[in-house]
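Comments concern the structure below.
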Amino acid sequence: CAQYSTHGWQWSLSNQPPQIVQLEHTPNKESEAIAFRPFNIRQEPGIRFVVIPESKQQWSIILQVHHSVCDGLGALDFLGDIWSLYHGSQPSDFQTHSRTNNIQTHSENDGHQNIKGDHQHTRETIAFATFRPSRITSSNSAKNIPHGRKPFQSFTLPATTVKSLRKRASQSGATTNDIIVAASFLAIHKWNSRQGKAGKRIRITMPVNLRPPRERQPASNQIGYAFLDRRPGQLRDPPEVIKSIAEASRWIQHSGAAGMFLVVLGAFLKCTWLLRLITQIPTCFSTAVVSNLGNIQSRMRAKVPKVDGCDQPGGLSITNVSAVPPVRPGTALSMCITAYGGQLTVTTMTDSSQLTPSDSVELTDLLQSQIEHLAL
11 CAQYSTHGWQ WSLSNQPPQI VQLEHTPNKE SEAIAFRPFN IRQEPGIRFV
61 VIPESKQQWS IILQVHHSVC DGLGALDFLG DIWSLYHGSQ PSDFQTHSRT
111 NNIQTHSEND GHQNIKGDHQ HTRETIAFAT FRPSRITSSN SAKNIPHGRK
161 PFQSFTLPAT TVKSLRKRAS QSGATTNDII VAASFLAIHK WNSRQGKAGK
211 RIRITMPVNL RPPRERQPAS NQIGYAFLDR RPGQLRDPPE VIKSIAEASR
261 WIQHSGAAGM FLVVLGAFLK CTWLLRLITQ IPTCFSTAVV SNLGNIQSRM
311 RAKVPKVDGC DQPGGLSITN VSAVPPVRPG TALSMCITAY GGQLTVTTMT
361 DSSQLTPSDS VELTDLLQSQ IEHLAL
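Each residue of the sequence shown is one higher than the last, beginning at 11 in this note's numbering.
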């Protein structure tokens, strides 16, 4: 952590190749459990491909990457290199750009702004430390809702909905991401209310990219985290929720608040026993994680041709790409927004120890309906 802002965390090469697991056409719970089991990072390289046949000429290829290897953006860069090589092209060269300090963003000449910004950081730190987020409540329902073979759910928004979302964002002085984050808060609150837990507080964690623009380096972890906290009383008026999240997003972007997470983590690393204690406490640090990877094709940087907006490596057609962050202890839901070939896709994953497969399907459906409602 102390050297993070200068060098980042680099991936040391493993002597083992990535694992490749190919599932059969017929669903098999045993083989699927093996394919999606947690990594044993002491004995495995932390990279796994799972191939699922969907039809005679269609497959889902799932890349699983342990966070000790790299973050999601590093994984997409790696995936882009694979598609480049598959097509017979050489991956793009590595590029290093001057690394701006993402943690301290003030200049020597803006003393007043420094003081104002420091006060804001202090207020936010105190608010973060005193806020107690709650877990998402399981419905404990005995419903047997059909769910797929993958441990995650995805939905692609219709083009008309995406157009409406962008229009609503423009009218609200927000971004499409702000509206989807607002929908996440409202969907979780509505879900908790259905379970009789309307008073629960919600914290959403958002990974933030700390890479300099256009930089391309070996896979690494170069992300910080921003946190958005909301009490039930702050979720009564959807337009106000969107407005407050847009304001918070702008502050996070301009203040370097996401990088402050690394400063705090670096302080904890000086007391390793304290860090170990905090990570082992059975408490909820965040209700959900919401990530936005943006345009997947620009993230992958694959040197392959495109047809109708879709990458075409070596005669294959990549019809869509989605992603989802890992779920962490106490955090029952993670979700990710991706754009590919003109499509906007939202993918969710839930912690099976906290929510049932039926909960996962219903919660994802609720999130989709909330996004579509805010787009109106």
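Note that the Cβ used here is the ideal one computed from N, Cα and C, for glycine as well.
Counting only runs of at least 3 residues, the segment 190-277 fully encloses the following beta strand (DSSP E) elements, listed from N- to C-terminal order: 212-219, 233-240. For the pair D321 and I252, the CB atoms are not nearer than the 8 Å cut-off. When secondary structure is reduced to three states using DSSP, D103 falls in the coil class, being assigned neither helix nor strand. Secondary structure note for G82: its alpha helix (DSSP H) is the uninterrupted segment 82-97. Under a 10 Å Cβ-count criterion, I328 is classified as buried, with 16 or more other Cβ atoms of the shown protein chains found around its own Cβ. A Cβ-Cβ contact shorter than 8 Å links P143 with R211.
When P217, I190, S344 are compared, the shortest CA-CA separation from D361 is found for S344. Look at V371 here: in three-state DSSP terms it is helix. Looking at the DSSP output, K316 bridges to D321.
Burial is judged here by how many other beta carbons sit within 10 angstroms of a residue's own beta carbon; P335 has at least 16 and is buried.
DSSP places R58 inside the beta strand (DSSP E), whose first and last residues are 57-65. Straight across, the Cα-Cα distance linking S332 with I347 is about 8 Å. With a minimum length of 3 residues, the unbroken runs of beta strand (DSSP E) contained wholly in the segment 336-363 fall at 343-350, 353-360. Leaving aside the five residues that flank P323 on each side, the residues in its chain whose CB is nearer than 7 Å to its CB run, in chain order, W93, Y96, H97, A312, V314. In the three-state scheme derived from DSSP, where H, G and I count as helix and E and B as strand, A298 is classed as strand. Taking 8 Å as the cut-off, the Cβ atoms of R145 and T297 count as close. DSSP places I44 in the uninterrupted alpha helix (DSSP H) bounded by 39-45. In the three-state DSSP reduction, I71 falls in the strand class (E or B). The Cβ atoms of A385 and R178 sit closer than 8 Å to each other.
Secondary-structure assignment with DSSP links L167 through a beta bridge to L354. Proximity of the segment 158-174 to the segment 372-381 meets the contact definition, three or more beta-carbon pairs being nearer than 8 Å. Residue range 306-310 is occupied by the alpha helix (DSSP H) that includes I306, with no beta strand (DSSP E) assigned at that position. For L284, the three-state secondary structure derived from DSSP is helix. Annotated three-state conformation of V172 is helix, per DSSP.
Nearest C-alpha to A137 among D239, H383, I233, S102: D239.
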